[in-house]
Every structure is written in C-alpha cells, then in structure tokens.
Amino acid sequence: MGVNDQSKRQEKTSYTLEPAERFPLTDECKHYIGKKQVPWDIQKYFSQRYSIFSWYDEGVYMTDDAWFGVTPEPVANQIAGEMCSVDASKDTLVDVFAGAGGNTIAFALSQRWKHIIAIERDASTLACAQHNAELYECDPETITWLHADSFEYLALLHNQPDQLHPQLRIDMDKTVLFASPPWGGPGYRTDAVFNLSDMQPYNLDKLHTAYARMDHVLYLPRTSDIRQIAKLAPGEAKVDVVQYCMEGASKAMVAYIPGRGST
Ligand SMILES: C[S@@+](CC[C@H](N)C(=O)[O-])C[C@H]1O[C@@H](n2cnc3c(N)ncnc32)[C@H](O)[C@@H]1O
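The opening residue of the sequence shown carries number 1 in the working numbering; numbering runs sequentially from there.
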C-alpha cells in the first residue's frame, strides 16, 4: 500500500467524535445501600430512590451529582410514552444531556426509536448511564453513547458532518432532540416565575439557538416563564407545554417545540 493510500485510509477511520465504548464504573459511580453512607445533601433524593429508579435495588449506579438532575422514572416514562405519537417520519432521538440515563432508558424501552444517540460529557456519569441501561435491559443496538459536549456535536452535525463517525451522522429532518439541561441560576428555586434568560450554565437562548433547526423537547424547571417559551414557536406553529406531576406536585415543565426546518 502506498503512502497516499495509507493516509486516505487513516482519514476515513479518524473522526473528531466517535461513539463511546463501554466505560468502566469509577470510584465516582456509587450504589448506596443505607442512608448512613449517603452525603447529607443527597439524603432527600435517596429516600425517594424507588420513585427515581424502581429497580434501584437491582444495582442502579449514580454519581453524587446525578441525583440532583435525574428524571424520575414515572415522569421519564410518561414523556417517552407521549413522544411515541410524534410524526412517524421521525426515527432518531438525540438525548443531549443523558446524565445517569433516566430519560435515555425510558426512550429505549418505549421501542419507538430506531436509533437513540445519548450524549454525556462526564465520563463517570456516562459509565453509570451505560450500566443502568444494561440493567434495565435496553437494546444495546438502539443506543449509541457519545462522550462529548453536545453543543460541539451539534455544531459538527450542522457544519462538518464528515468529522463525525458515520453512526453519529443523522438526518436532521428525521430527528427529535431531547434536552434536560442542568437547572440553576439566580431565582430558580425562589422566584414564582423563573426567567429562563438567567438559567445556568445554559440559558434558553443558548439552547434554542443550538436546537432550532430540529424538533426539540426541553425539560425545564416547573416555574419557567411560559411567555419566553411561546416565543420559540417557528412561524404559525404552536408549542405544547406540559407540567409533569408526581403525587400532586409538578416536577418539571416540558416544552415540545417544532423545528424550523432547513429554511
Ligand atoms: C440534568 S442532568 C440530565 C439528567 C438525565 N436526563 C437523567 O435522567 O439522568 C444534565 C447532565 O448533562 C451533563 N452535561 C452538562 N453539560 C453538557 C454538555 N455540554 N454536553 C453533554 N452533557 C452535558 C451533565 O454532566 C449532567 O449529567
């Protein structure tokens, strides 16, 4: 093989982003058994562990941070169930903040999606998600895990798709994005109406700018300002907004936003 042939072969097999292998669980990945082991700020969540993952005792692993952001299983299942009725032409789902796998698992178990790309930038959290998805017996052929910054992934998808491994190159017209970003920022716990421009580390504008081309679903704080969300509707299209409750209390506000397409 000549030098040129060799470098051509290398070009083809080296990409900026490639699917993640199965990541090993690290010291950060934990399965707490008794309350005494659990850091004080997680104890409230630990006491709700079976509402978060009904198979917790089978060996669910979480990082300490993941407890604060995981979508409880009944809510994740309800969202996944509702998303079964999206336009049949959509066959790919990208979970841009996969966390410990709460939503990814529900989407996989719904069997609605031909292909799910689950992106998480923290290696230990990704290892937990992969482990939990196996525990819940999700079809491994359906999920492509990606250890990356999801904004970088979307930028490459839009601008340099050849930099993505073929498994990560998706048809944007057939794709729905699901985003459960970290929630934070001044007033998020205290304000009656939360200003989504203040959400940290990613505010509504940052999220919407990255996602607008595709249909996207935003999992947001329950007090989010609905007027800011309504403005995201492209043209005459409408945005559906749903409050998801458990035991009478809202857990989150979810906005289903049509994409503006390629125009
Ligand atoms: C609220 S949690 C997601 C929880 C997830 N839906 C679940 O049910 O387990 C947000 C996650 O996004 C990850 N994250 C934050 N910024 C990211 C980025 N730019 N790209 C990919 N993952 C990111 C964090 O590490 C965290 O695990």
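Virtual Cβ for every residue (Gly too), placed ideally from N, Cα, C.
Whole-angstrom distance between residue 227 and residue 193, CA atom to CA atom: 10 Å
Contact under 9 Å by Cβ, residue 242 with residue 177: It is not a contact, given that the beta carbons lie outside the stated cut-off.
7 Å Cβ shell around residue 124 - same chain, five flanking residues per side excluded: 26, 28, 29 and 63
Proximity winner among 188, 102, 98 and 94, relative to residue 114 (alpha-carbon distances): 94
Under the three-state DSSP convention, the category residue 113 falls into: coil
Ligand 1 heavy atom lying under 8 Å from the CB of residue 26: no
Straight-line gap, residue 258 to residue 210 (C-alpha atoms, nearest Å): 14 Å
Cα-Cα separation, residue 207 to residue 255: 12 Å
Alpha-carbon to alpha-carbon, residue 89 and residue 40: Here the alpha carbon of residue 40 sits roughly 47 Å from the alpha carbon of residue 89.
Touching by the beta-carbon criterion (3+ pairs, under 8 Å), the stretch 154-163 and the stretch 131-141: no
Where residue 3 falls: helix, strand or coil (DSSP): Residue placement at residue 3 cannot be trusted, given a pLDDT of 48 that sits under 50; what the coordinates show is reported in the next sentence. Helix at residue 3.
Local conformation of residue 255 per DSSP, three classes: strand
Beta-bridge pairing of residue 138 - partner residues as DSSP gives them: DSSP output for residue 138 lists no bridge partner at all.
Other residues of its chain near residue 76: CB distance less than 6 Å, five sequence neighbours each side excluded: So the list reads 102, 103 and 106, once near-sequence residues are dropped.
Outcome for residue 175 when other beta-carbon atoms lying within 10 angstroms are tallied against a minimum of 16: buried
Close-in-space but distant-in-sequence residues of the same chain around residue 184 (CB under 6 Å, 5 per side omitted): Excluding residues up to 5 positions away in sequence, 200 lie with their Cβ nearer than 6 Å to the Cβ of residue 184 in the same chain.
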